[in-house]
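Novice: I am attaching a structure below and will ask some questions about it afterwards.
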Amino acid sequence: MAYDSASLDKPLEALKAFDWGGDAAPLQAIDAAVIAVHADPAARANLEKRLAGLLGAGTSQPVTEYVCRKLSMIGTAASVPTLAALLPEKDHSHMARFALERIAAPEAAAALRQALAAVQGDLKIGMISSLAGRGDAACVPMLAGLLAGESRTAVAAADALGRIHTPEAVQVLAAATSIGDKPAAAAIVNARLACAESLLRQGKRPEALSVYNSIAAGSEPTASFTRLAAERGILACLDTTTSP
Amino acid sequence: MRRFARRFHGAVALTAPLVALVCHACLACVTQRVVTAAEAAPQNAVQMAVVFLAKDDVAQRSIGLDRIRYGTKGEAATRTFASLLPTLAPGRQIELLAALADRGDHTAVAAAVALAGTSTDEAVKAAAVRCIGAIGGAAEVRVLLQSLTASDLEKAAARRGLVVVGGQNTVAAIMAAAKSAEPGVRATLLEILADRRERSALADIAAAASDDNAVVRTAAMRSLGRMGGPDQVAAMVQGVLKAAAGAERDEAERSLVVVCTQNSGKDLAAALFLKQFKSIDDSSCETLLPTVGRVGGLAAVAIVEGMIADPDAAKRKLGLTALTRWPDASVSERLLDLLGKAKDPAERELLLGSLIRIAPLPDNKLNDKQKLELLEKTMALCQRDEDRRRVLERANAIRMIETLRFVVPYLEDPNLAEPACLSVVELAHHRNLRDAHKDEFTKALDRVLALTKNEELLERASRYKEGQTWERKKPAAKG
Numbered sequence: 001m002a003y004d005s006a007s008l009d010k011p012l013e014a015l016k017a018f019d020w021g022g023d024a025a026p027l028q029a030i031d032a033a034v035i036a037v038h039a040d041p042a043a044r045a046n047l048e049k050r051l052a053g054l055l056g057a058g059t060s061q062p063v064t065e066y067v068c069r070k071l072s073m074i075g076t077a078a079s080v081p082t083l084a085a086l087l088p089e090k091d092h093s094h095m096a097r098f099a100l101e102r103i104a105a106p107e108a109a110a111a112l113r114q115a116l117a118a119v120q121g122d123l124k125i126g127m128i129s130s131l132a133g134r135g136d137a138a139c140v141p142m143l144a145g146l147l148a149g150e151s152r153t154a155v156a157a158a159d160a161l162g163r164i165h166t167p168e169a170v171q172v173l174a175a176a177t178s179i180g181d182k183p184a185a186a187a188i189v190n191a192r193l194a195c196a197e198s199l200l201r202q203g204k205r206p207e208a209l210s211v212y213n214s215i216a217a218g219s220e221p222t223a224s225f226t227r228l229a230a231e232r233g234i235l236a237c238l239d240t241t242t243s244p
Numbered sequence: 001m002r003r004f005a006r007r008f009h010g011a012v013a014l015t016a017p018l019v020a021l022v023c024h025a026c027l028a029c030v031t032q033r034v035v036t037a038a039e040a041a042p043q044n045a046v047q048m049a050v051v052f053l054a055k056d057d058v059a060q061r062s063i064g065l066d067r068i069r070y071g072t073k074g075e076a077a078t079r080t081f082a083s084l085l086p087t088l089a090p091g092r093q094i095e096l097l098a099a100l101a102d103r104g105d106h107t108a109v110a111a112a113v114a115l116a117g118t119s120t121d122e123a124v125k126a127a128a129v130r131c132i133g134a135i136g137g138a139a140e141v142r143v144l145l146q147s148l149t150a151s152d153l154e155k156a157a158a159r160r161g162l163v164v165v166g167g168q169n170t171v172a173a174i175m176a177a178a179k180s181a182e183p184g185v186r187a188t189l190l191e192i193l194a195d196r197r198e199r200s201a202l203a204d205i206a207a208a209a210s211d212d213n214a215v216v217r218t219a220a221m222r223s224l225g226r227m228g229g230p231d232q233v234a235a236m237v238q239g240v241l242k243a244a245a246g247a248e249r250d251e252a253e254r255s256l257v258v259v260c261t262q263n264s265g266k267d268l269a270a271a272l273f274l275k276q277f278k279s280i281d282d283s284s285c286e287t288l289l290p291t292v293g294r295v296g297g298l299a300a301v302a303i304v305e306g307m308i309a310d311p312d313a314a315k316r317k318l319g320l321t322a323l324t325r326w327p328d329a330s331v332s333e334r335l336l337d338l339l340g341k342a343k344d345p346a347e348r349e350l351l352l353g354s355l356i357r358i359a360p361l362p363d364n365k366l367n368d369k370q371k372l373e374l375l376e377k378t379m380a381l382c383q384r385d386e387d388r389r390r391v392l393e394r395a396n397a398i399r400m401i402e403t404l405r406f407v408v409p410y411l412e413d414p415n416l417a418e419p420a421c422l423s424v425v426e427l428a429h430h431r432n433l434r435d436a437h438k439d440e441f442t443k444a445l446d447r448v449l450a451l452t453k454n455e456e457l458l459e460r461a462s463r464y465k466e467g468q469t470w471e472r473k474k475p476a477a478k479g
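So the protein sequences, as listed, match chains A and B. If you read the first sequence in the numbering used here, its first letter stands for residue 1, the second for the next number, and so on. If you read the second sequence in the numbering used here, its first letter stands for residue 1, the second for the next number, and so on.
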């Protein structure tokens, strides 16, 4: 089905009044348009612009959610400023992250990093989660700075570093083993295991072995299952007869 | 623990390079010291796995066993692991045998065979046999066969082992044993061949269907029922004919019916069976009649109709018998037709008995209304109270209110009141039916209470009338 911008006038107008549980039939034309613009960059840009234009102050949560879901599929750098403006807003931050986490443009990651420095509490943890979801290596120094901070944020940062698992992330986590906060310390060990598993999967046995050995021989109190996981990892690293 | 350590040291003599490492592990056990993987260095994966096998902690052992199962590839590693078997305690032997079985390396089979032969622990022997089945080949069939006559645990392991054991010539070895072993083992092997879906063994299994030993015959027929096809029909017919009347023949018939109605090539198999049926002598023909009925279908009807139309009275009787043994009510109209025309009392009784039998059969051929209609038509053709009584007794298998209405008038016939009372009570037994038509049942049960002298029926009728339940007495246990 070809994309026809004019045919979306009424559905987009109807979208402004959309509420959860209401009649979603008028939105079907927008859903179809999102599919139709897939291989048509010009049409895609047009639809993206019209959808992003609906976001902003005064836009309801149901409409914001719907638009962000569509932008997560067709969004580009052009939508980033509009979405970034929603990141500090308590009611819209989550859906803005939902879109920015999935928009491939580096501007989207940059917007999340910028917001990470600016927001606090749950919103900050949300930014950490989205940056981890993108596997954003550039945020590793920022996350490193959070490991010694407030407990919940530190746990989220450690988890994110484990998901990003770049060599820099491995180094940051190795240097953070003296952190006293128990939940954060446990999250750091888990993250280090995640990094080691990743290294092993990539065939980087010596690097993975180093992490596993460090965990297994660590003097800090470690849960027995963590030690078991490390020992299992060591065996897997030593076993060169099988692919990781 | 010290005894275990000594045994472990003994084993390590076989694997000299591991001595230092394993001693370390034993020391750790004795002193209860926690040895981490890092402390065990320098090491390789095989040595590490051995260390973990010696741990007291089951989770740590599972790490080593996991590596034996899925990692540390190579025959040398397998030999190292297998060499530990004689040195371990029974529980650990079982763990290692299971891991070696999953590992799938034939190199360990000699150690498993040795342990199966020397261990006095039944569970260990069974685990060893399971391992042999998993990683063995034709050469190990002999060992597995020996275990078929051992304890139940080992026997079950051997049976499973013979199903899964691979390798060239394995099937030939099993088939050879299936011809020459003692009957119990032969029967087991025939079933094992079916479990393995060994189509190459079908000819041998088919030959065993006519064996002189009933256990062997039964196993052969059962196996053919699972994987036989048109090529085995002739042998299966001989198997049915040779089977002793009763349970053996019944099971043999069922196997043949499965081949003719469910297995691959079923239509051809059914055609071949019916063709063979037409060509056999009368006594065999009579034996196979129930199978013809069970196979059913238009071709079977045609054969039976041909026999009924035969001027030879004996043939006609066989045809009628076949029709009266039909497995469902699809021939009911034909039976009614024949009954309406029958003059010979014996023939009438045969046909009537069949109609009374098949009318309420719980198959998909007739709905309840049609079943009752058939029974009513049959009742109309009855000339003796004896037959009417059978109809009334059979009626209660059709659980609907119309059946009650059919039965109730017979309560007033002194010759038929008792079977009618029984059917009223049986129908009232079903609470949903009874509660949905409470007034009608109350009236009918009042008549039963007034008429019957049977104490059980009196008790049941009273209870049902009061909305109470009644528990059917269980038949007394035999012996």
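Built from N, CA and C at the ideal position, the CB exists for glycine as well.
1. What distance in whole Å lies between the Cβ atoms of B:Leu115 and B:Glu85, which are believed to be in contact at a cut-off of 8 Å?
2. For B:Thr15, name the three-state secondary structure that DSSP assigns.
3. Given a cut-off of 7 Å on the beta-carbon distance, is the pair B:Lys371 and B:Ala380 in contact?
4. With 7 Å set as the bound, which would you pick, yes or no: does the beta-carbon of A:Arg232 sit closer than that to a beta-carbon of chain C?
5. Using 10 angstroms around the beta-carbon of B:Ala172, count the other beta-carbons present and answer buried if the total reaches 16, otherwise exposed.
6. Quick one, are the C-beta atoms of B:Leu320 and B:Ile308 less than 7 Å apart?
7. Can you confirm whether A:Thr242, when its beta carbon is compared against all beta carbons of chain B, has any partner nearer than 7 Å?
8. Using only alpha-carbon positions, find the residue among A:Ile188, A:Val172 and A:Ala176 that is nearest to A:Ala158.
9. Whole-angstrom Cβ separation of B:Val257 and B:Arg294, contact assumed at under 8 Å?
10. Give every residue of the same chain whose Cβ lies closer than 8 Å to the Cβ of B:Glu466, excluding the five residues on either side of it in the sequence, and list them in chain order.
11. Quick one: what's got a C-beta closer than 6 Å to B:Thr31's C-beta in the same chain, skipping five residues either side?
12. For B:Gln468, report the span of its alpha helix (DSSP H) as first-last.
13. Taking A:Leu238 as the query, report the chain B residues whose CB atoms sit under 7 Å from its CB, ordered along the chain.
14. Report the option in B:Glu349, B:Gly306, B:Arg226 and B:Val240 whose CA atom is closest to the CA atom of B:Asp211.
15. Mind reading off the beta-carbon distance from B:Arg222 to B:Ser255? Whole number of angstroms is fine, and I expect it under 8 Å.
16. Using the Cβ count rule (16 or more neighbours within 10 Å means buried), how would you classify B:Phe406?
17. Taking 7 Å as the threshold (C-beta atoms), are A:Ala184 and A:Ala196 in contact?
18. Do A:Ile179 and A:Gly135 count as a contact pair if the criterion is CB distance below 7 Å?
19. Buried or exposed: which applies to B:Asp250, given that a residue is buried once 16 or more other Cβ atoms fall within 10 Å of its Cβ?
20. Closer than 7 Å by beta-carbon distance: list the chain B residues that pair up with A:Leu228, in chain order.
21. Following the continuous alpha helix (DSSP H) through A:Ala108, name the residue where it begins and the one where it ends.
22. So, at 7 Å on beta carbons, what are the nonlocal neighbours of B:Leu268 in its own chain, with the 5 sequence-adjacent residues on each side left out?
23. DSSP three-state label for A:Lys204, please.
24. Using only the alpha-carbon positions, how far apart do A:Ser210 and A:Thr64 sit?
25. For B:Leu288, which of B:Leu411, B:Ala244, B:Ala329 and B:Ser264 has the nearest alpha-carbon?
26. Output needed in chain order: residues of the segment 63-93 of chain B with a Cβ under 8 Å from some Cβ in chain A.
27. Would you say A:Leu161 faces chain B, with C-beta separation under 7 Å as the test?
28. Beta carbon of A:Val80, beta carbon of A:Ala118: below 7 Å?
29. With a threshold of 7 Å between beta-carbons, can A:Leu200 be considered close to chain B, or not?
30. Specify the secondary structure class of B:Thr66 as computed by DSSP and reduced to three states.
31. Using DSSP with H/G/I as helix, E/B as strand and the rest coil, what is B:Gln168?
32. Since I believe B:Ala99 is in contact with B:Arg130 (beta carbons under 8 Å), could you give me their beta-carbon distance rounded to a whole number of angstroms?
33. On the DSSP letters alone, give me the boundaries of the alpha helix (DSSP H) that B:Asn44 sits inside.
34. Reducing DSSP to helix, strand and coil, say where B:Ser180 ends up.
Specialist: Reading it off the structure:
1. Start at 1 with the first residue of the second sequence, and residue 85 of chain B comes out as number 85. Start at 1 with the first residue of the second sequence, and residue 115 of chain B comes out as number 115. With the sequence shown as reference, residue 85 of chain B is identified as Leu, and Glu is not the correct amino acid for it. Yes, they are in contact, since the Cβ atoms of B:Leu85 and B:Leu115 sit about 5 Å apart, within 8 Å.
2. In the second sequence, the residue the question calls residue 15 of chain B occupies position 15. A caution first: B:Thr15 carries a pLDDT of 34, below 50, which makes its placement in the model unreliable, though a value can still be read off. Correct three-state label for B:Thr15: helix.
3. Within the second sequence, residue 371 of chain B is the residue found at index 371, counting from 1. Within the second sequence, residue 380 of chain B is the residue found at index 380, counting from 1. For B:Lys371 and B:Ala380, no; Cβs fall outside 7 Å.
4. This model lacks chain C altogether, as its protein chains are A and B.
5. Along the second sequence, one-based indexing puts residue 172 of chain B at 172. Exposed.
6. Counting from one through the second sequence, the residue named residue 320 of chain B turns up at place 320. Counting from one through the second sequence, the residue named residue 308 of chain B turns up at place 308. Yes, Cβ-Cβ distance for B:Leu320 and B:Ile308 is below 7 Å.
7. Here residue 242 of chain A refers to the residue found at position 242 of the first sequence. Taking Cβ atoms only, chain B reaches closer than 7 Å to A:Thr242, which makes this a yes.
8. For this step, residue 158 of chain A is matched to residue 158 along the first sequence. Of the listed residues, the one whose Cα sits closest to A:Ala158 is A:Ile188.
9. Stepping through the second sequence from its first residue, residue 257 of chain B is reached at position 257. Stepping through the second sequence from its first residue, residue 294 of chain B is reached at position 294. Yes, B:Val257 and B:Arg294 are in contact; Cβ-Cβ is about 4 Å, under 8 Å.
10. For this step, residue 466 of chain B is matched to residue 466 along the second sequence. Closer than 8 Å at the Cβ level, and outside the excluded window around B:Glu466, lies no residue.
11. Here the question's residue 31 of chain B lines up with position 31 in the second sequence. In this predicted model, B:Thr31 has a pLDDT of only 28, less than 50, meaning its place in the structure is not dependable; the value taken from the coordinates is given anyway. Around B:Thr31: no qualifying Cβ.
12. The residue labelled residue 468 of chain B in the question sits at position 468 within the second sequence. Here B:Gln468 belongs to no alpha helix (DSSP H), and DSSP marks it neither H nor E.
13. Position 238 of the first sequence holds residue 238 of chain A. Residues of chain B passing the Cβ test: Gln43, Asn44, Ala45 and Met48.
14. Within the second sequence, the letter at position 211 stands for residue 211 of chain B. Of the listed residues, the one whose Cα sits closest to B:Asp211 is B:Val240.
15. Numbered from its first residue, the second sequence carries residue 222 of chain B at position 222. Numbered from its first residue, the second sequence carries residue 255 of chain B at position 255. Their Cβ separation, rounded to whole angstroms, is 6 Å, which keeps B:Arg222 and B:Ser255 in contact under 8 Å.
16. Walking along the second sequence from the start, residue 406 of chain B turns up at place 406. The residue is buried, with at least 16 neighbouring Cβ atoms inside 10 Å.
17. Counted from its first residue, the first sequence places residue 196 of chain A at position 196. Counted from its first residue, the first sequence places residue 184 of chain A at position 184. Against a cut-off of 7 Å, the Cβ pair of A:Ala184 and A:Ala196 comes out as no contact.
18. In the first sequence, residue 135 of chain A corresponds to position 135, counting from 1. In the first sequence, residue 179 of chain A corresponds to position 179, counting from 1. Cβ distance not < 7 Å, so A:Gly135 and A:Ile179 don't count as in contact.
19. Along the second sequence, read from residue 1 onward, the residue named residue 250 of chain B stands at position 250. So B:Asp250 counts as exposed.
20. One-based indexing of the first sequence puts residue 228 of chain A at position 228. Those within 7 Å of A:Leu228 in chain B are Ala59, Gln60 and Ile63.
21. As a working note, residue 108 of chain A is residue 108 in the first sequence. Note, A:Ala108: alpha helix (DSSP H), Pro106 to Ala118.
22. Counted from its first residue, the second sequence places residue 268 of chain B at position 268. Correct list, in chain order: Pro230.
23. Reading the first sequence from its first residue, position 204 is the one you call residue 204 of chain A. Coil at A:Lys204, not helix or strand.
24. As a working note, residue 210 of chain A is residue 210 in the first sequence. As a working note, residue 64 of chain A is residue 64 in the first sequence. Between A:Ser210 and A:Thr64, the C-alpha separation is close to 47 Å.
25. Locating residue 288 of chain B in the second sequence gives position 288, counting from the first residue. Nearest C-alpha to B:Leu288: B:Ala244.
26. Ile63, Gly64, Asp66, Arg67, Tyr70, Gly71, Thr72, Lys73, Gly74 and Ala77
27. Along the first sequence, read from residue 1 onward, the residue named residue 161 of chain A stands at position 161. Not an interface residue.
28. Within the first sequence, the letter at position 80 stands for residue 80 of chain A. Within the first sequence, the letter at position 118 stands for residue 118 of chain A. Not a contact, by the Cβ cut-off of 7 Å.
29. Position 200 of the first sequence, counted from the first residue, corresponds to residue 200 of chain A. No, A:Leu200 lies away from the interface with chain B (no Cβ there is under 7 Å from its Cβ).
30. Residue mapping note: residue 66 of chain B aligns to position 66 of the second sequence, counting from 1. Position check: residue 66 of chain B holds Asp in this sequence, whereas Thr was assumed. Helix at B:Asp66.
31. For the purposes of this step, residue 168 of chain B is taken as residue 168 along the second sequence, with counting starting at 1. If DSSP states are grouped into helix, strand and coil, B:Gln168 belongs with coil.
32. As a position in the second sequence, residue 130 of chain B is number 130, starting the count at 1. As a position in the second sequence, residue 99 of chain B is number 99, starting the count at 1. Contact flag wrong, Cβ pair sits at about 12 Å.
33. Stepping through the second sequence from its first residue, residue 44 of chain B is reached at position 44. Looking at the DSSP string, B:Asn44 is not in any alpha helix (DSSP H), and its letter there is neither H nor E.
34. Working through the second sequence from its first residue, we reach residue 180 of chain B at position 180. In the structure shown, B:Ser180 sits in a helix (DSSP, three-state: H, G or I).
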